[in-house]
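Per the UniProt record's numbering, residue 1 is the first one in the sequence shown, and the count goes up by one each step.
To keep things clear, I will list the structure first and then write my remarks on it.
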Amino acid sequence: MKTVQVNIVTPDGPVYDSEIAMVIAKTVSGDIGILPGHIPLVAPLQISAVKLKLADGSQKVVAVSGGFIEVRPDKISILAPSAEVAENIDLARAQAAKKRAEERLQSKSDDIDFKRAELALKRAINRINVYEGRV
Ligand code: ATP
């Protein structure tokens, strides 16, 4: 089976680096499936799950908080503000972040940065979904 190298990098360091058979990602303009040899492409990602299909038929899921996917025929790079492989997600932390963000969004204070709270909520929900395999 043909494979392509996938690199997922954040400001905190590399999160994933391996040969895979297919990547499925959510760009801001829709879902894409990338196979080895794909034509070059750069696209911004949603706060979402990236699915990596391995050559042995197994799948790894990575929660990404946006960023970009850069596709070249022999290499796929994902650069994201933060990214976690499903099994490295701290569920309790994500649940606490979700609760905090929901409380901020419900408060009537003018001091709240709603956009920021909304993004924090999206990141938390995404992590919970990825951890629980609901992707
Ligand atoms: P929190 O409020 O819990 O910090 P956040 O969405 O603001 O959540 P980010 O700024 O996206 O956090 O990420 C900061 C760092 O913490 C990144 O390295 C990210 O991978 C890590 N991180 C955040 N939440 C989790 C989690 N639930 N499990 C594992 N790592 C996490």
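C-beta: ideal position from N, C-alpha, C; glycine also.
Notebook entry, point to check: So which residues put a beta carbon under 5 Å from any heavy atom of the ligand ATP, going in chain order?
Noted result: Checking every Cβ against the heavy atoms of the ligand ATP under 5 Å gives D12, S65, S82, E84, I89, D90, R93, A94, A97, R123, R127.
Item checked: Nearest to V15 (by Cα), restricted to the options V61, L119, K26 -> The shortest C-alpha to C-alpha distance from V15 to any of V61, L119, K26 is the one to V61.
Next item on the list: Pair every Cβ in the region 37-53 with every Cβ in the region 91-102, then say whether three or more of these pairs are closer than 8 Å.
Entry: With the cut-off at 8 Å, the region 37-53 and the region 91-102 do not touch.
Next item on the list: Compare the Cα-Cα distances from R100 to each of G57, E87, I125 and report the closest residue.
Entry: If you compare the alpha carbons of G57, E87, I125 with that of R100, the shortest gap goes to I125.
Notebook entry, point to check: If you run the structure through DSSP and keep just helix, strand and coil, what is L91?
Noted result: When DSSP states are grouped into helix, strand and coil, L91 belongs to the helix group.
Checklist line | Spatial distance of residue 165 from G67 (CA atoms) | finding: Shown here, the chain extends from 1 to 135; a query on residue 165 therefore has no answer.
Notebook entry, point to check: Would D17 count as contacting chain D if we go by Cβ distances under 8 Å?
Noted result: Reference to chain D is not applicable here, since this structure consists of a single protein chain.
Check: Can S82 and V9 be called in contact, C-beta distance under 8 Å?
Finding: Contact: no.
Margin query: Using 8 Å as the threshold, is the C-beta distance between I69 and A25 below it?
Written below: Yes.
Note to self: Let me check you understand the geometry: is the CB of M1 closer than 7 Å to at least one non-hydrogen atom of the ligand ZN?
What the structure shows: Within the structure as shown, the ligand ZN is missing, the only ligands being the ligand ATP.
Notebook entry, point to check: Taking the continuous alpha helix (DSSP H) assigned at L119, which residues delimit it?
Noted result: First-last of the alpha helix (DSSP H) with L119: 114-131.
Check: Helix, strand or coil for L105 per DSSP?
Finding: DSSP, read as helix, strand or coil, puts L105 in helix.
Notebook entry, point to check: Closest to D74 by CA distance: which of E132, T27, M22, L105 is it?
Noted result: Answer by Cα proximity: M22.
Margin query: Please report the distance separating the alpha-carbon of V4 from that of S18.
Written below: Spanning the two alpha carbons is a distance of roughly 8 Å.
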